[in-house]
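*Asks:* First residue of the sequence shown? That's 1 in UniProt numbering, and the numbers climb one at a time after it. Think of the CB as a built atom: it goes at the ideal place given N, C-alpha and C, for glycine as much as any other residue. Bear in mind that the values here come from a model prediction, so they are computed numbers and not experimental data.
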Amino acid sequence: MPEYDIEIRDEDGAVLNEREIGRIYVRGASVMTEYFGDPDTTAAVLSESGWLDTGDMGYMGEGALYVIGRAKDMIIINGRNHWPQDIEWAVEQLAGVRSGDVAALSLPGPDHLEIATVLVQCRLRESHERQAFVEQIKKQILSVTGVQCRIELVQPRSLPRTSSGKLSRSKARQQFLAGSLIALAY
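#1: Considering only the alpha carbon of each residue, which of Asp-53, Arg-98, Pro-160, Ser-99 lies closest to Gly-28?
#2: Taking buried to mean at least 16 other C-beta atoms within 10 Å of its own C-beta, is Leu-167 buried or exposed?
#3: For Ile-76, write down the residues that DSSP places opposite it in a beta bridge.
#4: Pick out whichever of Ala-103, Ala-43, Ile-182 has its Cα sitting closest to the Cα of Arg-161.
#5: Considering only the alpha carbon of each residue, which of His-112, Phe-133, Leu-113, Leu-181 lies closest to Gly-122?
#6: Going by DSSP, what residues sit across from Glu-7 in a beta bridge?
#7: Thinking C-alpha only, which one of Arg-19, Ile-24, Asp-5 is nearest Gly-13?
#8: DSSP beta-bridge partners for Glu-32?
#9: Hey, does Ile-75 have any beta-carbon neighbour from chain C nearer than 9 Å?
#10: Can the beta-carbon of Phe-176 be found less than 9 Å from the beta-carbon of Leu-107?
#11: Rounding to the nearest angstrom, what Cα-Cα distance links residue 225 and Gly-55 in this structure?
#12: Give me the residue from Gln-148, Leu-181, Leu-94, Arg-70 with the minimum Cα distance to Arg-157.
#13: Can the beta-carbon of Gln-148 be found closer than 9 Å to that of Ile-141?
#14: Which residue wins for smallest C-alpha separation from Trp-83, given the options Val-15, Gly-22, Glu-3, Gln-174?
Written out as structure tokens, the structure reads:
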């Protein structure tokens, strides 16, 4: 994209080297100038020199940009970054779990610490089957990603989607915290 400048930056805004993962910033003639009527949000994502924080994470490699996820979806536990997609993929490898049945996110826990939490749409009816399923999920996630997660089973077709049909982790988080996305007993 020759008409754009692209930088990958760390959490402090320092430019990173090739193949180092960070936040994607862009600058160019067609980059937005403001959020209409929202100067605070504009100031949070757009610098005076025209650099836009896209909210995406990625890296540069041999002149190509690789986008790997949204910064707001990152799960940070004990100072380590975990991609929700990695956790979701691990669960989706289990029998009976379909693509899109899983949402990995962080939820507030005791002492205001974030807890990696996985919401899984469950079609099992019996409590003992659900309990065994939860244990299977925990083992799978730990084996594949090394992350210990809290597992919450939810009704089939209850995880929220965007207008384009993609899983909305942020909305799932909001709904779960508000009590409108209810966990199944096991």
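*Replies:* Straight from the coordinates:
#1: Gly-28 has its Cα closest to that of Asp-53, out of Asp-53, Arg-98, Pro-160, Ser-99.
#2: buried
#3: DSSP links Ile-76 through a beta bridge to Asn-81.
#4: Ala-103
#5: Checking the sequence shown, residue 122 turns out to be Cys, not Gly. Nearest of His-112, Phe-133, Leu-113, Leu-181 to Cys-122, Cα basis: Phe-133.
#6: Tyr-25
#7: Ile-24
#8: Glu is not the amino acid found at residue 32; the sequence shown has Met there. Listed as beta-bridge partners of Met-32 by DSSP are no residues whatsoever.
#9: Going by chain labels, chain C is absent from the structure shown, which holds only one protein chain.
#10: Taking 9 Å as the Cβ cut-off, Phe-176 and Leu-107 qualify as a contacting pair.
#11: The structure shown does not extend to residue 225, since the chain spans only 1 to 186, so no value can be given for it.
#12: Of the listed residues, the one whose Cα sits closest to Arg-157 is Leu-181.
#13: Cβ atoms of Gln-148 and Ile-141: closer than 9 Å.
#14: That would be Gly-22, whose Cα lies nearest to the Cα of Trp-83.
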